[in-house]
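Undergrad: Before anything else, here's the structure in question.
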Amino acid sequence: MAAVAVPSPVPAAAPTETQKKNRIQVSNTKKPLFFYVNLAKRYIQQHDEVELSALGMAITTVVTISEILKNNGLATEKKVLTSTVGMKDENKGRVVQKAKIEIVLGKSEKFDSLMTTAVTAATTPATTAATTPATTAATTATTVFSSSPSYPSLHLWLKLKLIMSLLSLT
22 MAAVAVPSPV
32 PAAAPTETQK
42 KNRIQVSNTK
52 KPLFFYVNLA
62 KRYIQQHDEV
72 ELSALGMAIT
82 TVVTISEILK
92 NNGLATEKKV
102 LTSTVGMKDE
112 NKGRVVQKAK
122 IEIVLGKSEK
132 FDSLMTTAVT
142 AATTPATTAA
152 TTPATTAATT
162 ATTVFSSSPS
172 YPSLHLWLKL
182 KLIMSLLSLT
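In the working numbering, the protein residues as written are 22 to 191.
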């Protein structure tokens with residue numbers, strides 16, 4: 022009987038590019054936009070950066086998430102990569118090229134103070150002090166932003182932010 026060589030067990034590989042703990046693979050059909058925005062905030066809090074990636078039609082969702090975080094002062098853009106990926110089409114059985122984007126966002130300098138302000142504003146009960154249009158708009162904007170809104174609420178929030186900025190100019 023011939024001796025058979027048995028390979029020794031190989032130790033588990035270190036985390037690779039596909040196993041990153043701060044990567045979010047975005048779909049434009051599975052979860053709402055603000056699910057990903059809030060998840061990205063949490064990843065930035067935990068890891069100081071987040072990598073958003075998407076294929077095909079979900080690319081616009083990744084760009085929107087990135088812009089929301091940047092425009093609110095929560096993140097800065099570190100890297101944007103675009104490429105194409107060959108994927109097998111299940112219906113036709115052939116390889117088709119799909120566009121891919123990867124955006125890496127880092128924690129902004131104001132991130133911690135903005136998140137603290139948002140949490141404080143959301144948990145502080147309303148007072149009976151005199152309210153001005155500016156404080157009413159600020160309270161409404163905070164409420165709308167912190168409650169995982171859908172697209173119509175996002176537009177409302179942007180309008181309220183514009184009103185707040187106009188009120189602060191006078």
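Idealized CB from N, CA, C, for every residue including glycine.
Measure the C-alpha to C-alpha separation of ILE65 and LYS52 and round it to an integer number of angstroms.
TA: ILE65 and LYS52: Cα-Cα distance of roughly 19 angstroms.
Undergrad: For ILE89, which residues of its own chain have a beta-carbon under 6 angstroms away from its beta-carbon, when the five flanking residues on both sides are left out?
TA: Result list for ILE89: VAL58, in chain order.
Undergrad: Report all residues from its chain with a CB closer than 8 angstroms to the CB of LYS41; omit the five preceding and five following residues, and keep chain order.
TA: For LYS41, where only same-chain residues beyond five positions count, the Cβ hits under 8 angstroms are GLU72.
Undergrad: For THR144 and LYS113, I'd like the C-alpha separation in whole angstroms.
TA: Looking at the two C-alpha atoms, the distance is approximately 53 angstroms.
Undergrad: With distances taken Cα to Cα, identify the nearest neighbour of MET136 among ASN49, GLU111, LYS99, ARG63.
TA: Answer by Cα proximity: ARG63.
Undergrad: Please state the DSSP three-state secondary structure of LEU126.
TA: Here LEU126 sits in strand by DSSP.
Undergrad: So, helix, strand or coil for LEU90, using DSSP?
TA: Correct three-state label for LEU90: helix.
Undergrad: Our contact map puts SER129 next to THR97 with C-beta atoms below 8 angstroms; I'd like the distance itself, whole angstroms only.
TA: The pair is a contact, with the Cβ atoms about 5 angstroms apart (cut-off 8 angstroms).
Undergrad: Please classify SER104: does DSSP put it in a helix, a strand, or coil?
TA: Strand at SER104.
Undergrad: Secondary structure at SER74, three-state DSSP: helix, strand or coil?
TA: Correct three-state label for SER74: strand.
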